[in-house]
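First residue of the sequence shown? That's 192 in our numbering, and the numbers climb one at a time after it. The beta carbon of each residue, even a glycine, is placed where N, CA and C say it ideally should be.
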Amino acid sequence: MRKIKIKIYIFLYCCLLSLPCVLFAQQQKTAFISLEEYLQTQKLVNVNALDSSIRVDLKYATTDNFTKTILYDSLTNIYLHPFAAKKLVAAQKYLKTLHPDYSLLVYDAVRPLSVQRKMYRVVQNTKYAAYVAKPSRTGLHNYGMAVDLTICNKKGVPLDMGTPFDFFGGAAGINKEAELVQRGVLSKQQVANRELLRKVMRHAGFLTIRGEWWHFNALHLIEARKLYKVIE
192 MRKIKIKIYI FLYCCLLSLP CVLFAQQQKT AFISLEEYLQ TQKLVNVNAL DSSIRVDLKY
252 ATTDNFTKTI LYDSLTNIYL HPFAAKKLVA AQKYLKTLHP DYSLLVYDAV RPLSVQRKMY
312 RVVQNTKYAA YVAKPSRTGL HNYGMAVDLT ICNKKGVPLD MGTPFDFFGG AAGINKEAEL
372 VQRGVLSKQQ VANRELLRKV MRHAGFLTIR GEWWHFNALH LIEARKLYKV IE
């Protein structure tokens, strides 16, 4: 009988020792949420829930990007601030009125600051370092107020814009396209495709930037910094 009691005491003692570990593991399991779940907690909008016809090819969720690294884990949908999401849906609707067989194809939308830090670390000491903003300098992607995209046909094939997405060079800019056509760097059709993209995005209220034909802002950065919070 005495031996049985000793064994019971030992068993209970071992259970007490292991309890903190079990509780910690359970806490960690409960605390973990996916990137998509986190974006939802930040009141961002899944754009495809508003318009399922908008196509998605999140480049940073794959290795098919200039870093050759997966930056978005477990993310398949595009998320934006509601202000920007409504504009993107309006742009898609306008594009469909002009070309029913065409669709917007999104490469990147919200980019949390944590991902910006990861991207910056990956490109440090590489030829791309100068092209990636420091995390301390927040941009509109970090607010869910910018989108990188193109136009594709009904088969999902992107229109020829003259350069790939995230091309680092003068041919990606929009302010000297006529000159680039004269020099044979771009064709008239490539510029026409870019102009169509700008037309539908501007119609919906987006702003362009000079250096990247694929990048559009829903508002000015100074406004975002005053009115909205960064997505960490």
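| request: Note the first and the last residue of the continuous beta strand (DSSP E) segment covering A337. | output: For the purposes of this step, residue 337 is taken as the residue at position 146 of the sequence shown. In the DSSP annotation of this structure, the continuous segment of the beta strand (DSSP E) that includes A337 starts and ends at 337-343.
| message | Taking only three categories from DSSP, how would you classify F274? | response | In the sequence shown, residue 274 corresponds to position 83, counting from 1. Looking at F274 - three-state DSSP - the assignment turns out to be helix.
| I245 and V236 closer than 7 Å at C-beta | Along the sequence shown, one-based indexing puts residue 245 at 54. Along the sequence shown, one-based indexing puts residue 236 at 45. No; because the gap between Cβ atoms is not below 7 Å, this pair is not in contact.
| With a CB to CB cut of under 6 Å and the five nearest residues on each side skipped, what residues in its chain are close to H394? | Looking up residue 394 in the sequence shown gives position 203. Closer than 6 Å at Cβ, skipping near neighbours: Y285.
| task | Out of E403, Y229, Y322, state which residue places its alpha-carbon closest to the alpha-carbon of A363. | result | Locating residue 363 in the sequence shown gives position 172, counting from the first residue. Looking at the Cα atoms, E403 is the closest of the given residues.
| request: Report buried or exposed for V348, applying the criterion of at least 16 other Cβ atoms within 10 angstroms of its Cβ. | output: Your numbering for residue 348 matches position 157 in the sequence shown. In this structure V348 is exposed. Its beta-carbon is surrounded by fewer than 16 other beta-carbon atoms within 10 angstroms.
| message | Measuring alpha carbon to alpha carbon, tell me which residue in L289, T354, V338, D357 is nearest F397. | response | Looking up residue 397 in the sequence shown gives position 206. Of L289, T354, V338, D357, the residue nearest in Cα terms is V338.
| query | According to DSSP, what are the bridge partners of L410? | reply | As a position in the sequence shown, residue 410 is number 219, starting the count at 1. Paired residue(s): none; L410 is not in a bridge.
| message | Could you compute how far the alpha carbon of I269 sits from the alpha carbon of G360? | response | One-based indexing of the sequence shown puts residue 269 at position 78. One-based indexing of the sequence shown puts residue 360 at position 169. So the two alpha carbons sit approximately 27 Å from each other.
| task | Determine the DSSP secondary structure at K220, reduced to helix, strand or coil. | result | In the sequence shown, residue 220 corresponds to position 29, counting from 1. Caution applies to K220, whose pLDDT of 38 falls short of 50 and renders its modelled position unreliable; the value that the coordinates give is listed next. K220: helix per DSSP, three-state reduction.
| task | List the DSSP bridge partners of L295. | result | The sequence position of residue 295 within the sequence shown is 104, counting from 1. Per DSSP, I342.
| task | Put I268 into one of helix, strand or coil per three-state DSSP. | result | Counted from its first residue, the sequence shown places residue 268 at position 77. Ile is not the amino acid found at residue 268; the sequence shown has Asn there. Annotated three-state conformation of N268 is coil, per DSSP.
| request: Return helix, strand or coil for L214, following the three-state DSSP convention. | output: Taking the first residue of the sequence shown as 1, we reach residue 214 at position 23. Note that L214 has pLDDT 38, beneath the 50 cutoff, so the model's placement of it is unreliable and the number below is only indicative. Three-state DSSP puts L214 in a helix.
| Same chain, Cβ closer than 8 Å to E368, neighbours up to 5 away in sequence not counted | As a first step, residue 368 must be located in the sequence shown, where it is residue number 177. Once the five neighbours on either side are set aside, the close Cβ partners of E368 are L377, V382, R385.
| Excluding five sequence neighbours on each side, which residues of the same chain lie with their C-beta closer than 7 Å to the C-beta of W405? | Residue numbering aside, residue 405 sits at position 214 when the sequence shown is read from its first letter. Around W405: Y298, D339, L340, T341, F356.
| query | Roughly how many whole angstroms lie between the Cα atoms of K420 and V313? | reply | Here residue 420 corresponds to residue number 229 of the sequence shown, with the count starting at 1. Here residue 313 corresponds to residue number 122 of the sequence shown, with the count starting at 1. Distance between the alpha carbons of K420 and V313: 25 Å.
| field | Beta-carbon proximity list for V301, same chain, < 7 Å, skipping 5 on both sides | value | By 1-based counting over the sequence shown, the position of residue 301 is 110. Closer than 7 Å at the Cβ level, and outside the excluded window around V301, lie L230, L235, Y270, L271, H332, G335, I422.
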